[in-house]
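Remarks on the structure that follows.
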Amino acid sequence: MKTAKWLESIIPSPTLAVNQKVMELKSKGKKIISLVVGEPDFETPEFIKNAAIEALKKNYTKYTETQGIIPLREAICEKLKRENGLNYEPSQIIVTCGAKQAISTDLEKVATTKTKVLILNNPSNPTGVLYNKDELLKISEWCLNKGIVVISDEIYERIVFSGRKFVSVASFSDAIYNNTITINGLSKSHCMTGWRMGYAAGPKNIIKAMSNFQSHFLSHITTFVQYASVEALKNDSFIPKMVIAYEERINTTIELMKKYMPLSECVAPDGAFYIFPTVNKYYGKSCDGKTIKNSVDMATFLLEAANVAVVPGLAFGMDNNIRLSVATSLEEIKDGLAKIGQALGKLK
2 MKTAKWLESI
12 IPSPTLAVNQ
22 KVMELKSKGK
32 KIISLVVGEP
42 DFETPEFIKN
52 AAIEALKKNY
62 TKYTETQGII
72 PLREAICEKL
82 KRENGLNYEP
92 SQIIVTCGAK
102 QAISTDLEKV
112 ATTKTKVLIL
122 NNPSNPTGVL
132 YNKDELLKIS
142 EWCLNKGIVV
152 ISDEIYERIV
162 FSGRKFVSVA
172 SFSDAIYNNT
182 ITINGLSKSH
192 CMTGWRMGYA
202 AGPKNIIKAM
212 SNFQSHFLSH
222 ITTFVQYASV
232 EALKNDSFIP
242 KMVIAYEERI
252 NTTIELMKKY
262 MPLSECVAPD
272 GAFYIFPTVN
282 KYYGKSCDGK
292 TIKNSVDMAT
302 FLLEAANVAV
312 VPGLAFGMDN
322 NIRLSVATSL
332 EEIKDGLAKI
342 GQALGKLK
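The numbering used here puts the first residue of the sequence shown at 2, with every later residue one more than the last.
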């Protein structure tokens with residue numbers, strides 16, 4: 002049976018593809034240090050797991066509304082008002098299977114007459130850069146004037162460092178509010194990546210259209226996960242401690258890079274848990290007859306020569322970079338950077 006050409010053109014997520022390779026190597030007994038996946042290494046808090054267990058005991062395992070149960074959408078509305086200064090009704094919320102499903106100020110160079118949507122990830126994956134209020138306002142006003150809808154992916158909003166302030170795009174004005182679809186979820190903030198709980202907030206007509214599509218495509222996310230998410234949204238007291246740990250790891254990594262990756266450069270992240278250094282000064286160098294020409298070659302070299310997994314920057318359209326995730330222990334980070342340094346030292 003043949004597949005459609007458009008299906009054949011879809012490539013898997015590069016990050017998950019690398020992670021799959023790492024899991025395969027580990028299953029064969031290989032010790033790999035993974036600096037790949039954007040998945041908190043902290044456990045899902047017990048109160049959230051207990052809430053899921055309670056939901057199962059109460060037999061909350063049947064179908065729910067496509068947009069999500071009312072208590073969860075109400076909890077999301079309360080969260081958006083409390084933390085982001087945004088007023089939404091439950092009818093303006095849809096609960097999705099992770100934020101993915103729901104998903105530069107020099108925009109004139111890349112926009113065309115066919116441009117309908119701008120996807121803004123803030124703080125950014127892979128750079129960790131946080132747009133400030135003035136930058137966001139200029140971008141959102143430009144989109145409004147051009148008739149371009151903003152999809153604001155705010156999944157890393159709670160992971161920002163050194164007192165920096167996160168601002169939601171939709172909070173600037175009524176006009177911008179009505180031109181913005183806000184995407185968020187609990188994967189990063191509440192260590193619930195495998196739970197696949199995301200949501201979108203926006204104009205009623207957009208959310209209704211998303212709900213109609215989801216009713217055929219997915220129906221709704223897992224019922225007991227929805228009930229557990231209601232409880233998750235009531236308690237975020239554990240998040241600041243987690244953010245402090247991420248910032249310490251980021252600072253440690255940057256210092257170690259100066260020692261072990263001296264030809265690399267990177268911008269210190271404002272948030273999230275990634276570092277995105279340029280490594281193109283190593284391109285053209287060789288080891289054991291293999292020459293590094295691009296980010297894929299670099300990632301392959303580090304996996305084979307150092308047993309350290311990173312994501313090639315090509316996955317993000319930046320072939321001069323690689324992405325390192327610090328969502329792992331300080332010990333793993335220190336060991337991984339030292340091994341990267343040893344491998345890079347072999348390049349001639």
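Glycine included, C-beta positions come from ideal geometry on N, C-alpha and C. In this text, all values refer to a predicted model and were calculated from it rather than measured experimentally.
Pair within 7 Å by beta-carbon distance, Leu187 and Ala233 | The residue you call residue 187 lines up with position 186 of the sequence shown. The residue you call residue 233 lines up with position 232 of the sequence shown. Cβ distance < 7 Å, so Leu187 and Ala233 count as in contact.
Tell me whether Val19 sits in a helix, a strand or coil according to DSSP, three-state version.
-> Sequence index remark: in the sequence shown, residue 19 carries index 18 (1-based). Three-state DSSP puts Val19 in a helix.
From the DSSP output, in three-state form, read off Ile94 for me.
-> Counting from one through the sequence shown, the residue named residue 94 turns up at place 93. Strand at Ile94.
Look at the alpha carbon of Glu332 and the alpha carbon of Lys139, and state the distance between them as a whole number of angstroms.
-> Stepping through the sequence shown from its first residue, residue 332 is reached at position 331. Stepping through the sequence shown from its first residue, residue 139 is reached at position 138. Approximately 41 Å, taken between the alpha carbons.
DSSP three-state assignment for Pro313, whether helix, strand or coil | By one-based count along the sequence shown, residue 313 stands at place 312. The answer is strand: DSSP assigns Pro313 an E or B state.
Is the CB-CB distance between Trp196 and Val231 below 7 Å?
-> Position 195 of the sequence shown holds residue 196. Position 230 of the sequence shown holds residue 231. Against a cut-off of 7 Å, the Cβ pair of Val231 and Trp196 comes out as no contact.
Option nearest Tyr275 by Cα separation, candidates Lys32, Val38 and Glu155 = Translated into the one-based positions of the sequence shown, residue 275 becomes position 274. Measuring from the Cα of Tyr275, the nearest candidate turns out to be Val38.
Residues bridged to Val37 (per DSSP) = To locate residue 37, count along the sequence shown from 1; it is residue 36. Its beta-bridge partners do not exist; DSSP assigns none.
Top-ranked residue by Cα proximity to Asn126, from Gln343, Pro263 and Ile156 | If you number the sequence shown from 1, residue 126 lands on position 125. Taking only the C-alpha atoms, the option nearest Asn126 is Ile156.
Considering Val118, what are the terminal residues of the beta strand (DSSP E) in which it resides?
-> On the sequence shown, residue 118 is found 117 positions in, with the first residue counted as 1. It spans Val118 to Asn122 - the beta strand (DSSP E) in which Val118 sits, taken as one unbroken run.
For Lys134, collect the residues of the same chain with a Cβ closer than 7 Å to its Cβ; drop the 5 residues on either side in sequence, then sort them by chain order.
-> Within the sequence shown, numbered from 1, the residue matching residue 134 stands at position 133. So the qualifying residues of the chain are Val168.
State the Cα-Cα distance for the pair Lys340 and Glu266, rounded to the nearest angstrom.
-> Here residue 340 is taken as the residue at index 339 of the sequence shown, counted from 1. Here residue 266 is taken as the residue at index 265 of the sequence shown, counted from 1. Cα-Cα distance, rounded: 18 Å.
Terminal residues of the alpha helix (DSSP H) in which Leu264 lies = Start at 1 with the first residue of the sequence shown, and residue 264 comes out as number 263. Unbroken run through Leu264: none, as it is neither H nor E.
Lys1 in three-state terms, based on DSSP | Outside the modelled stretch of the chain, which goes from 2 to 349, sits residue 1, for which no answer is possible.
Sheet register partners of Thr181 (DSSP bridge) | As a working mapping, residue 181 is identified with position 180 in the sequence shown. Bridge partners of Thr181: Val151.
What did DSSP end up calling Tyr157 once you bin it into helix, strand or coil?
-> In the sequence shown, counting from the first residue as 1, residue 157 sits at position 156. Looking at Tyr157 - three-state DSSP - the assignment turns out to be coil, as it is neither helix nor strand.
For Ser330, does the three-state DSSP call read helix, strand or coil?
-> As a working mapping, residue 330 is identified with position 329 in the sequence shown. Residue state, collapsed to three classes: coil.
Whole angstroms is fine: what's the gap from Thr292's alpha carbon to Ile149's?
-> Against the sequence shown, residue 292 aligns to sequence position 291. Against the sequence shown, residue 149 aligns to sequence position 148. Roughly 43 Å separates the two Cα atoms.
Beta strand (DSSP E) segment containing Tyr200, residue limits | The sequence position of residue 200 within the sequence shown is 199, counting from 1. Per DSSP, Tyr200 belongs to the beta strand (DSSP E) from Gly199 to Ala202.
According to the neighbour-count rule (16 or more other Cβ atoms, all chains shown, within 10 Å of its Cβ), is Ser28 buried or exposed?
-> As a first step, residue 28 is located in the sequence shown; it is residue number 27 there, counting from the start. Ser28 comes out exposed.
Counting Cβ pairs, one atom from each stretch, are 3 or more of them under 8 Å apart for the region 85-95 and the region 53-66?
-> no
Could you give the distance in angstroms between the alpha-carbon of Thr114 and the alpha-carbon of Thr128?
-> Along the sequence shown, read from residue 1 onward, the residue named residue 114 stands at position 113. Along the sequence shown, read from residue 1 onward, the residue named residue 128 stands at position 127. So the two alpha carbons sit approximately 29 Å from each other.
Is Thr279 helix, strand or coil when you go by DSSP?
-> On the sequence shown, position 278 is the one that residue 279 refers to. Three-state result, Thr279: strand.
Would you report the Cα separation of Ile70 and Met193, rounded to the nearest angstrom?
-> Taking the first residue of the sequence shown as position 1, residue 70 is located at position 69. Taking the first residue of the sequence shown as position 1, residue 193 is located at position 192. So the alpha carbons of these two residues sit roughly 19 Å apart.
Is the distance from the Cβ of Ser296 to the Cβ of Leu36 below 7 Å?
-> For the purposes of this step, residue 296 is taken as residue 295 along the sequence shown, with counting starting at 1. For the purposes of this step, residue 36 is taken as residue 35 along the sequence shown, with counting starting at 1. No, they are not a contact pair.
Within-7 Å CB hit, Val168 to chain C | The structure shown contains no chain C; it holds only a single protein chain.
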